[in-house]
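Listed in order, the protein sequences are those of chains A and B.
The opening position of the first sequence corresponds to residue 1 in this note's numbering, with each subsequent residue numbered one higher.
The opening position of the second sequence corresponds to residue 1001 in this note's numbering, with each subsequent residue numbered one higher.
Presented below is the structure to which this report refers.
2 protein chains.
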Amino acid sequence: MQTVTLGGMTEDPTELLTLFTRVHKLLGAAADTAMSEHGVRVGQNLILSRLWERDGRTPGEIAAHWQVSTPTIVNTARRMEAAGLITREPDPDDARLVRLRLTDAGRAARVPVQAARRELAEHATATLTATERRHLRTALAKIIDRLSDEDGPDRRPTTTR
Amino acid sequence: MQTVTLGGMTEDPTELLTLFTRVHKLLGAAADTAMSEHGVRVGQNLILSRLWERDGRTPGEIAAHWQVSTPTIVNTARRMEAAGLITREPDPDDARLVRLRLTDAGRAARVPVQAARRELAEHATATLTATERRHLRTALAKIIDRLSDEDGPDRRPTTTR
DNA sequence: CGCTGATCGTTAGCATGCTAGTGAAATCCC
DNA sequence: GGGATTTCACTAGCATGCTAACGATCAGCG
Chain A
1 MQTVTLGGMT EDPTELLTLF TRVHKLLGAA ADTAMSEHGV RVGQNLILSR LWERDGRTPG
61 EIAAHWQVST PTIVNTARRM EAAGLITREP DPDDARLVRL RLTDAGRAAR VPVQAARREL
121 AEHATATLTA TERRHLRTAL AKIIDRLSDE DGPDRRPTTT R
Chain B
1001 MQTVTLGGMT EDPTELLTLF TRVHKLLGAA ADTAMSEHGV RVGQNLILSR LWERDGRTPG
1061 EIAAHWQVST PTIVNTARRM EAAGLITREP DPDDARLVRL RLTDAGRAAR VPVQAARREL
1121 AEHATATLTA TERRHLRTAL AKIIDRLSDE DGPDRRPTTT R
């Protein structure tokens, strides 16, 4: 009986999935607000952070890194091109590929955006003890590993299984 | 080799926002898959769980409970009506209100859907120690409290501020 | 009684994710 | 060399969230 205690409760308010939904909504909204002040929307961080690390990546490359679908990156990249954060040029050696490159604006957003995200993370966990914060990170990583395993359709086609 | 481990990382893979994004995506996808087997999509749980608790609620009532916008509930309710899970009738006493009521199918989904969500939560946290699981719940609740405070525009219009 | 303002649902349009299907280009392999 | 396969990006269409603007209805108050 660790959790549910009420009489006719049908939905435990501390149900894990519910908690995650709410945290994600709050964190996502806060991140979007904070990042928007620097001309970047929250979903664009998927692409920007990879291009900051190394410029000229392809949509498929970025999608694979985050385990996200290619259309997600393609559509986000189109919005970012319209917003002047990146450019999209065909690869000269392989016409199937598209190279995403940072503009000056895209490069300039790096420091403030990363700072805003870091500050938000600190702010959100300000009331957690050091132990809780450490366990939170561990728990999240464990859940990701756990769900990435059987769920992941073809992550790392290692010969053996 | 849990995840990435490079030198000039610009984006810490253990960055809190990133971890939450990934957990949310994995958990949401798994929940949607599990619930879809019973004819319910993951977002519809917002409405269903409230109607299971008490039938005949209004969209605004449900939106307020979850701190979610009214259009979110309205649009989800329209899809649920099309799917045969609920009906929508105007309130006889107040023509502005819409009463959402469960159909037999909506009522029948209760047990299997709740079981599926519970099993998923257990599965996802199976590799966590009891301590980690306890701290996870605490940490999530604390983050929700923290972000709901100043962020919440008008939660509880107490006279004083 | 009737005007004004508050309340409630709806519509329109956007961002972020997804799957399925298309088409072009590169690669494999006979 | 040339047809079949694989690999890309892209498009179309959906679900889930949002804000802004609209319209209808109810409640207050003169």
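Backbone N, C-alpha and C define an ideal beta-carbon position, used for all residues, glycine too.
In this structure, does DSSP put R1088 (chain B) in helix, strand or coil?
strand
Helix, strand or coil at L1046 (chain B) [DSSP, three-state]:
helix
In angstroms, rounded to a whole number, what distance separates the CA positions of A31 (chain A) and A1126 (chain B)?
30 Å
Thinking C-alpha only, which one of A:D104, A:T72, A:I47 and A:N45 is nearest G84 (chain A)?
A:D104
Taking Cβ-Cβ distances below 8 Å as the criterion, which residues of the segment 1119-1133 of chain B are in contact with chain A?
L1120, A1121, H1123, A1124, T1125, A1126, T1127, L1128, T1131, E1132 and R1133
For R1088 (chain B) and G1060 (chain B), the rounded distance between their alpha carbons:
13 Å
Contact test: A77 (chain A) Cβ vs the ligand PLP heavy atom, cutoff 7 Å
Ligands in the displayed structure: none, and consequently the ligand PLP is not present.
Can you give the beta carbon distance from E15 (chain A) to T1138 (chain B), rounded, assuming they're within the 8 Å contact cut?
In fact, because the Cβ distance is near 15 Å, the residues do not count as touching under 8 Å.
Apply the 10 Å Cβ neighbour rule to T58 (chain A) and answer buried if 16 or more other Cβ atoms are within range, or exposed otherwise.
buried
List in chain order: all unbroken alpha helix (DSSP H) runs of 4+ residues lying wholly within the segment 13-44 of chain A.
16-36
Distance, M1080 (chain B) Cα to D94 (chain A) Cα:
46 Å
With three or more beta-carbon pairs closer than 8 Å as the criterion, would you say the segment 1040-1058 of chain B touches the segment 1112-1126 of chain B?
yes
Select from the segment 78-96 of chain A all residues with a C-beta closer than 8 Å to any C-beta belonging to chain B, and list them in chain order.
none
When you check each C-beta in the segment 1033-1063 of chain B against every C-beta of chain A, which residues fall closer than 7 Å?
S1049, W1052 and E1053
For L1100 (chain B), decide whether its Cβ has a neighbour in chain A, counting only Cβ atoms nearer than 8 Å.
no
Determine the burial state of T1158 (chain B): buried for a count of at least 16 other Cβ atoms within 10 Å of its Cβ, exposed for fewer.
At T1158 (chain B) the pLDDT is 40, less than 50, meaning the model places this residue with poor confidence; the figure from the coordinates comes in the next sentence. The residue in question, T1158 (chain B), is exposed, as its Cβ has fewer than 16 Cβ neighbours within 10 Å.
For L128 (chain A), the three-state DSSP class (helix, strand or coil)
coil
Sheet register partners of V1239 (chain B) (DSSP bridge):
Lying outside 1001 to 1161, the shown extent of chain B, residue 1239 (chain B) is not represented and no answer is given.
Which bits of chain A does T1138 (chain B) rub up against, with CB to CB less than 7 Å?
E132
Quick one: residues in its chain with C-beta nearer than 6 Å to the C-beta of R1099 (chain B), no 5 flanking neighbours on either side, listed in chain order?
G1056, E1089 and D1091
Chain B residues whose Cβ lies nearer than 8 Å to that of V107 (chain A):
Looking at the sequence itself, residue 107 (chain A) is Arg, so the reference to Val does not match. What R107 (chain A) touches in chain B: nothing, since even the nearest Cβ is about 11 Å away.
Counting contacts by CB-CB distance shorter than 8 Å, is V23 (chain A) in contact with chain B?
yes
If you check the beta carbons only, do A1109 (chain B) and R146 (chain A) fall under 8 Å apart?
no
For T129 (chain A), count the other beta carbons within 10 Å of its own beta carbon; 16 or more makes it buried, fewer makes it exposed. Which is it?
exposed
In this structure, how does DSSP classify L54 (chain A) when only helix, strand and coil are distinguished?
The residue asked about is misnamed: residue 54 (chain A) is Arg in this sequence, not Leu. DSSP places R54 (chain A) in coil when its eight states are reduced to three.
Closest Cβ-Cβ distance between A141 (chain A) and chain B: below 8 Å?
yes
Given a threshold of 16 other Cβ atoms within 10 Å of its Cβ, counted over all protein chains shown, does R1078 (chain B) qualify as buried or as exposed?
exposed
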